[in-house]
DNA sequence: TCTATGTGCAACCCTGGAGTTGCACAAGGG
DNA sequence: CCCTTGTGCAACTCCAGGGTTGCACATAGA
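Chains as they are written, first to last, in the working numbering: chain Z, 1 to 105; chain Y, 1 to 105.
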């Protein structure tokens, strides 16, 4: 799996994609179904789903003649934990800087 | 503080902004200093810093005649925890869907 | 088989924003 | 006091990508 974070953030940064994710979090759906509930065309939604699938946030499955998309919760959890880890590292770093500064006084 | 997540992701989604964040995570710096280490001009960096400050990821402080920017670790940690929370909610939802489906069989 | 519904694909428009250049302004240091 | 250094501001270019339209293709159902 791609471990780079910024592509995932770029995917999450668009409002429409976020709406799609939230909607899919409630219940899996096809692109056509999503197009009925969101103010964009099916083709726009298809493009967004490709982006989301590209960063591993959405899984695609065929069901009869329709294509159902569902959320990959584990991926989002993974990204969240990465963020917390980086934040913790920064905090430790800042703590180090601060102690050095105090030492210098 | 703005609790909407997608603006934060939009801010994190740009590669240059991510580089700036990582760099500032190592040590606070001014826009001019950042411009020496990154392959873009100072003005571009200034714009990125405004974006990052707008979503609360960077704090700005004057030091003499230079303006020093530093990372706001707590904000990133907050976002990370939000992500994990949403992921957990989705997992519970999916778990519920699955049990309903099994029940129906 | 014919039809309706759901997908896939390609071309196109258009705005946002990433990046640049240029200049003006402020403030220490010699 | 000048000159250097660091910021601030504004106008401009340019292109990625979000969104659209149009059409072709596949397949379940009557």
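The C-beta atom is built at its ideal place from N, Cα and C for all residues, glycine as well.
Predicted model only: the values in this text are computed from it and were never measured.
Would you list the one or two residues that DSSP bridges to residue i?
i	result
residue 29 of chain Y	Y:69
residue 60 of chain Z	Z:69
Can you find a heavy atom of the ligand PLP that lies under 7 angstroms from the Cβ of residue i?
i	result
residue 9 of chain Y	With respect to the ligand PLP, the structure offers nothing, as it holds no ligand at all.
Hey, how far is the Cα of residue i from the Cα of residue j?
i	j	result
residue 10 of chain Y	residue 6 of chain Z	10 angstroms
residue 84 of chain Z	residue 61 of chain Z	31 angstroms
residue 26 of chain Z	residue 70 of chain Z	9 angstroms
residue 21 of chain Y	residue 86 of chain Z	11 angstroms
residue 79 of chain Y	residue 80 of chain Z	8 angstroms
residue 65 of chain Z	residue 32 of chain Z	12 angstroms
residue 23 of chain Y	residue 90 of chain Z	11 angstroms
residue 28 of chain Z	residue 35 of chain Z	13 angstroms
residue 63 of chain Y	residue 92 of chain Y	49 angstroms
residue 173 of chain Y	residue 13 of chain Y	Any answer about residue 173 of chain Y is impossible in this case: the structure gives chain Y only from 1 up to 105.
residue 15 of chain Y	residue 40 of chain Z	28 angstroms
residue 8 of chain Z	residue 76 of chain Z	9 angstroms
residue 44 of chain Z	residue 88 of chain Z	37 angstroms
Can you give me the Cβ contacts of residue i inside the same chain, cut-off strictly under 7 angstroms, excluding the 5 residues immediately before and after it?
i	result
residue 53 of chain Y	60
residue 17 of chain Z	11, 48, 51 and 52
residue 82 of chain Y	5
residue 104 of chain Z	Residue placement at residue 104 of chain Z is flagged as unreliable, the pLDDT there being 45, under the threshold of 50; a coordinate-derived value is accordingly withheld.
residue 72 of chain Z	56, 57, 58 and 59
Determine the chain Z residues that contact residue i at a beta-carbon separation under 7 angstroms, and present them in chain order.
i	result
residue 10 of chain Y	13
residue 83 of chain Y	76, 79, 80 and 83
Going along chain Z, which residues have a C-beta under 8 angstroms from residue i?
i	result
residue 26 of chain Y	93
residue 6 of chain Y	12, 13, 14, 15 and 18
Name the chain Y residues whose beta carbon is nearer than 7 angstroms to that of residue i?
i	result
residue 86 of chain Z	76
Which same chain residues end up closer than 8 angstroms to residue i when comparing Cβ atoms and leaving out the 5 residues on each side of it in sequence?
i	result
residue 46 of chain Z	31
residue 42 of chain Y	31, 32, 34 and 35
residue 19 of chain Y	38
residue 68 of chain Y	28, 29, 30, 60, 61 and 62
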